[in-house]
Structure formats: C-alpha cells, structure tokens
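So the sequence shown is numbered by our numbering: it starts at 63 and just counts up by one. We put the CB at the ideal spot given by N, CA and C, even for glycine. All figures in this text were calculated on a predicted structure; none of them were measured in a lab. Input: a single structure, listed below in structure tokens.
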Amino acid sequence: RRAPQPLFLISRRRGGGLASRSSSAHLTVEVASDRFSDYSNDNMKSSILAVSLFAVTFSTVARAFSFGPRCVKVTRSGPISPIFYQPQVSLASQQRRMRRTVLKLTDEDDTGESSTMATSKIEGRKKRVILGYKAMALAYAAVALNSAVRGGVTTNFLHMFAGYLVMPIGLSAILADAASHDRLNSDTYKRMNMAMLAQGLLGLVVVSLGPRLNLPFIVAFGLTCINTVKGYTYGVLGLEKQGGIASLVAELKSGSKSLLGGFFTLPTKPIAMIYQVATYSVSVMKLIKMKEICESLQSGSPIAASAARLNRLVLLSLMSYTLKDAADRDRLGGSTFIKLNFLSAVGFAINAIYNSGGLATPFGATQVFVAAFFSFNGLASYMRNQYA
63 RRAPQPLFLI SRRRGGGLAS RSSSAHLTVE VASDRFSDYS NDNMKSSILA VSLFAVTFST
123 VARAFSFGPR CVKVTRSGPI SPIFYQPQVS LASQQRRMRR TVLKLTDEDD TGESSTMATS
183 KIEGRKKRVI LGYKAMALAY AAVALNSAVR GGVTTNFLHM FAGYLVMPIG LSAILADAAS
243 HDRLNSDTYK RMNMAMLAQG LLGLVVVSLG PRLNLPFIVA FGLTCINTVK GYTYGVLGLE
303 KQGGIASLVA ELKSGSKSLL GGFFTLPTKP IAMIYQVATY SVSVMKLIKM KEICESLQSG
363 SPIAASAARL NRLVLLSLMS YTLKDAADRD RLGGSTFIKL NFLSAVGFAI NAIYNSGGLA
423 TPFGATQVFV AAFFSFNGLA SYMRNQYA
C-alpha cells in the first residue's frame with residue numbers, strides 16, 4: 063500500500079471547473095477520511111513501539127550504571143513484565159555498601175602503605191641526624207682551617223687545635239657512627255650528646271664574651287646545639303618519637319641521678335680506679351676555673367679565656383667518666399671507648415703542657431701519667447681487637 067499523501071495533494075485535481083470540483087467533493091472527502099484513519103493508526107503503533115524501546119533502553123542503562131534505584135515500578139493493568147519491574151534499592155543502602163567496599167580495599171592496602179611511609183620517614187630522620195653530626199665535625203675542622211689560614215700554623219694554633227677542636231671533632235664522628243648503627247639509645251651516647259650540648263651552649267657564651275664575633279665558631283657551636291638535642295631526643299624517644307616531653311624530662315632526671323651516683327661510687331675494678339682518679343682531677347680543675355671566673359666577674363676582668371678552658375674541661379670530665387663506667391663493666395674493648403681513650407689522652411696532655419707547668423709540679427706529673435695511661439689502654443684494646 064502506498065504511503066498516505068497530504069490532503070492538499072489529494073484535493074488538488076486537474077481538469078473541470080467549479081462544477082466538476084463540486085461533484086467530486088464528496089468522494090474526495092471520503093477518500094481523505096479513510097487515508098487519515100490509516101495514517102493515524104500507523105503513527106500510534108510507531109509511538110507505542112518507540113516508547114517501549116525507550117523504556118527498555120532506560121531500564122538497561124539505569125541497571126548498568128546504578129543511578130539511584132535500579133528501576134521504577136510501573137503501575138499498569140494486567141500482568142507486569144519483568145522488564146519494567148525490579149526491586150527498589152534505597153540510596154542509603156547503596157552508600158553503605160560502597161563505604162564497606164572502600165573500607166575493605168583501604169584495609170587491604172593500609173598496612174603496606176602505612177608501613178612504607180613510616181619506614182621512609184624513619185630512614186629520613188636517621189639520615190638527617192647522621193648528616194648533622196658529620197656537619198658538626200666539618201664545622202670544627204673549618205674553624206681549624208680558618209685559623210691556620212689567617213694566623214698560620216703556630217704554637218698558639220696547635221694549642222687551640224689540640225685543646226679545643228680535636229675532642230669535638232672526634233666526638234662528632236663517634237656520634238655519627240653510633241647514629242648509623244642505631245645506638246643513640248645507649249646511656250654512653252646519651253651522655254656524649256649532653257656533654258656536646260653543654261660544650262656548644264658554653265661555647266656560644268664564650269664567643270659572645272670575646273672582643274669580636276667569630277663566625278666559624280658560632281656556626282660550629284650552633285650546629286652542635288641543634289644536632290645534639292635531636293640526637294638525645296631520638297636516643298630517648300626513638301626515631302619513631304614514641305613519647306613526649308614527659309619522657310624526656312623523666313630521662314633527664316634519671317640520667318642526672320645515675321651520673322651523680324656513679325661519680326661518687328667507687329668502682330669495683332682496679333683499672334677503673336685510675337679512670338676515677340682522672341675524673342676527679344679534671345673535676346678539681348673545673349672548680350678552680352669556676353673560682354677564677356667568679357673572681358674575674360667581681361673585679362671586672364675579661365672571663366672569655368677562663369670560660370673557654372672551663373668548656374674544654376667539662377667535655378674532658380664527661381669523657382673520662384664514661385671511660386670509668388666502661389672499665390667497670392669490662393667494655394673498654396669497644397671501638398667507641400678506644401677512640402675515647404685517645405681523645406682523652408690528648409686532653410690530659412694539653413693540661414700537662416699548657417695549664418699545669420708540665421712535670422715541674424705534682425699536678426702536672428699526674429696529668430702526664432694519666433695521658434700515658436689513657437693512650438696505652440686505647441692502643442692495647444685496639445691491638446687486642448686486631449689480633450684476637
């Protein structure tokens with residue numbers, strides 16, 4: 063059957079005049095009416111088919127992408143096709159299910175990711191504290207180089223280098239090695255950190271009291287204060303920083319109490335007795351320097367030189383005490399204590415040569431003997447380790 067034509071084409075006929083048109087009007091209207099009826103039926107069927115296809119398409123897309131409820135229940139008479147009906151799922155239940163899925167995936171990945179992040183953070187802190195100790199050693203070496211370039215290698219330079227720079231450089235290297243081997247939590251290295259912190263703080267005071275500001279010394283003492291605080295904190299709390307200020311305060315109290323108790327407690331080993339005597343001798347020298355500083359303050363005299371010597375003696379006394387404690391525990395064979403023996407020997411030799419008149423006085427002779435004793439013990443422990 064041909065497709066229906068528009069009415070204006072049906073009514074437009076050639077031939078005849080007004081009479082012929084009038085005579086055929088009734089026939090034309092009937093034909094047009096029949097064709098219009100057929101055209102309307104076809105359009106209705108097409109519309110129903112299009113609506114059905116649209117509903118099926120929308121239902122499929124909605125179920126595939128889960129936009130809200132999967133489908134809407136269609137109310138109609140007669141049996142309900144399964145295409146137009148799916149059980150409704152509330153938005154809240156979908157959100158709960160999605161949240162459970164996300165939490166499950168997070169729990170599966172959380173352990174690995176968090177442990178990796180924590181490990182990288184701990185390794186970063188460890189590297190920074192090691193670099194800090196190495197920077198301290200380099201800063202003190204730069205002070206020596208600056209003094210040698212500006213004033214030449216003279217007797218005063220040798221005195222300054224051996225008495226004021228050798229021990230800080232050596233202790234910085236020892237602390238860097240301890241940090242690389244995760245030993246900062248030992249009481250030995252905690253005491254070293256506190257000794258270097260005291261040396262850095264007092265050194266800044268000495269520089270401020272001098273006739274001019276010495277920038278290399280300021281940098282060295284500043285780095286010492288910063289890195290020893292970090293090292294002591296990591297030694298007490300660990301690289302994970304498990305604890306807080308209360309833990310640090312408690313450790314300071316217990317450490318100070320242990321230090322004072324060990325200072326006044328007689329050792330049980332004969333070799334430790336000599337280290338105890340050396341510690342007492344340096345402590346006496348500290349008291350003498352403090353007395354000189356007080357007298358200088360009363361008279362208005364400069365105190366920078368006396369404060370610098372006191373600073374060196376503070377460091378030497380804590381090193382000597384650490385060796386006394388190690389000797390009482392039969393730990394002098396450790397590499398740290400071998401190095402401390404050599405560094406302390408340099409300090410006592412400086413005491414004998416520059417501060418006490420050498421062998422001319424009993425005190426000077428004692429300092430020479432102690433320096434030789436420390437050197438011998440360090441060398442003996444080193445050789446024992448090499449050939450054991």
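Can you tell which of Gly362, Lys353 and Asn255 has the C-alpha that lies nearest to the C-alpha of Tyr296?
For the purposes of this step, residue 296 is identified with residue 234 of the sequence shown, where counting begins at 1. Closest by alpha carbon: Asn255.
Is the beta carbon of Ile354 less than 7 Å from the beta carbon of Ser368?
For this step, residue 354 is matched to residue 292 along the sequence shown. For this step, residue 368 is matched to residue 306 along the sequence shown. The question names Ile, yet the displayed sequence has Glu at residue 354. Yes, the Cβ-Cβ distance between Glu354 and Ser368 is below 7 Å.
Thr250 beta carbon less than 7 Å from that of Thr423:
By 1-based counting over the sequence shown, the position of residue 423 is 361. By 1-based counting over the sequence shown, the position of residue 250 is 188. No, they are not a contact pair.
Nearest to Tyr226 (by Cα), restricted to the options Ile192, Val268, Thr341 and Ile400
In the sequence shown, counting from the first residue as 1, residue 226 sits at position 164. The shortest C-alpha separation from Tyr226 is found at Val268.
Closest residue to Ile400 among Tyr449, Ala411, Ala388 and Leu378 (Cα-Cα distance):
As a working mapping, residue 400 is identified with position 338 in the sequence shown. Here the closest residue by C-alpha is Ala388.
So what does DSSP say about Gly395, is it helix, strand or coil?
Along the sequence shown, one-based indexing puts residue 395 at 333. Three-state result, Gly395: coil.
Is Val205 closer than 7 Å to Ala260 when the C-beta atoms are compared?
Mapped onto the sequence shown, residue 260 falls at position 198. Mapped onto the sequence shown, residue 205 falls at position 143. The answer is no: Cβ separation not under 7 Å.
Check Val215 in the structure and name its three-state DSSP category.
In the sequence shown, residue 215 corresponds to position 153, counting from 1. If DSSP states are grouped into helix, strand and coil, Val215 belongs with coil.
Given 8 Å as the limit, is there contact between the region 242-249 and the region 270-277, that is, 3 or more CB pairs closer than that?
no
Hey, how far is the Cα of Phe435 from the Cα of Leu441?
For this step, residue 435 is matched to residue 373 along the sequence shown. For this step, residue 441 is matched to residue 379 along the sequence shown. When rounded, the distance between both Cα atoms is 10 Å.
Just to confirm my understanding: we take Leu322, look at its own chain, exclude 5 residues before and 5 after, and list those with CB closer than 8 Å. What are they?
In the sequence shown, the residue the question calls residue 322 occupies position 260. Within the same chain, Leu322 has no close Cβ partners at all.
Compute the beta-carbon to beta-carbon distance between Ala235 and Leu377, rounded to the nearest angstrom, for a pair I have assumed lies under 8 Å.
Sequence index remark: in the sequence shown, residue 235 carries index 173 (1-based). Sequence index remark: in the sequence shown, residue 377 carries index 315 (1-based). Actually they are not in contact, since the Cβ atoms of Ala235 and Leu377 sit about 14 Å apart, beyond 8 Å.
Given a threshold of 16 other Cβ atoms within 10 Å of its Cβ, counted over all protein chains shown, does Asn447 qualify as buried or as exposed?
As a first step, residue 447 is located in the sequence shown; it is residue number 385 there, counting from the start. So Asn447 counts as exposed.
Please name the residue, chosen from Leu263, Gly395 and Glu185, that lies closest to Thr290 on a Cα-to-Cα basis.
Against the sequence shown, residue 290 aligns to sequence position 228. Comparing Cα positions, the closest option is Leu263.
Distance, Cα to Cα, Ser57 vs Gly213?
With the chain running from 63 to 450 in the structure shown, residue 57 is simply not present.
Length-filtered (3 minimum) beta strand (DSSP E) runs lying within the region 284-351
none
Check whether the Cβ of Ala197 lies closer than 6 Å to any heavy atom of the ligand SAM, and answer yes or no.
As for the ligand SAM, it is missing from this structure, which has no ligand bound.
Is the CB-CB distance between Arg374 and Lys351 below 7 Å?
Against the sequence shown, residue 374 aligns to sequence position 312. Against the sequence shown, residue 351 aligns to sequence position 289. It is not a contact, given that the beta carbons lie outside the stated cut-off.
Since Ala241 and Tyr195 should fall inside the 8 Å C-beta cutoff, what is the C-beta to C-beta distance between them, to a whole number of angstroms?
Looking up residue 241 in the sequence shown gives position 179. Looking up residue 195 in the sequence shown gives position 133. Between Tyr195 and Ala241 the Cβ distance is about 6 Å, and since that is below 8 Å, they are a contact.
Would you tell me roughly how many angstroms separate the C-alpha atoms of Ile365 and Lys348, rounded to the nearest one?
What you label residue 365 is simply residue 303 of the sequence shown in a count that begins at 1. What you label residue 348 is simply residue 286 of the sequence shown in a count that begins at 1. Each residue's Cα considered, the two are about 14 Å apart.
Presumed contact (8 Å Cβ cut-off) between Ala340 and Val432, rounded CB distance
Locating residue 340 in the sequence shown gives position 278, counting from the first residue. Locating residue 432 in the sequence shown gives position 370, counting from the first residue. Indeed they touch by this definition, with Cβ atoms about 5 Å apart.
Could you spell out where the alpha helix (DSSP H) holding Ala260 opens and where it closes?
Looking up residue 260 in the sequence shown gives position 198. Asp249 to Leu271 is the extent of the alpha helix (DSSP H) around Ala260.
What residue range does the alpha helix (DSSP H) around Pro230 cover?
In the sequence shown, the residue the question calls residue 230 occupies position 168. Its alpha helix (DSSP H) spans residues Val228 to Ser242.
How big is the Cα-Cα spacing for Pro329 and Tyr342?
What you label residue 329 is simply residue 267 of the sequence shown in a count that begins at 1. What you label residue 342 is simply residue 280 of the sequence shown in a count that begins at 1. Cα-Cα distance, rounded: 13 Å.
On a Cα-Cα basis, can you pick out the residue from Ala201, Gly232 and Thr327 that is closest to Ser397?
Here residue 397 is taken as the residue at index 335 of the sequence shown, counted from 1. Considering only alpha carbons, the answer is Gly232.
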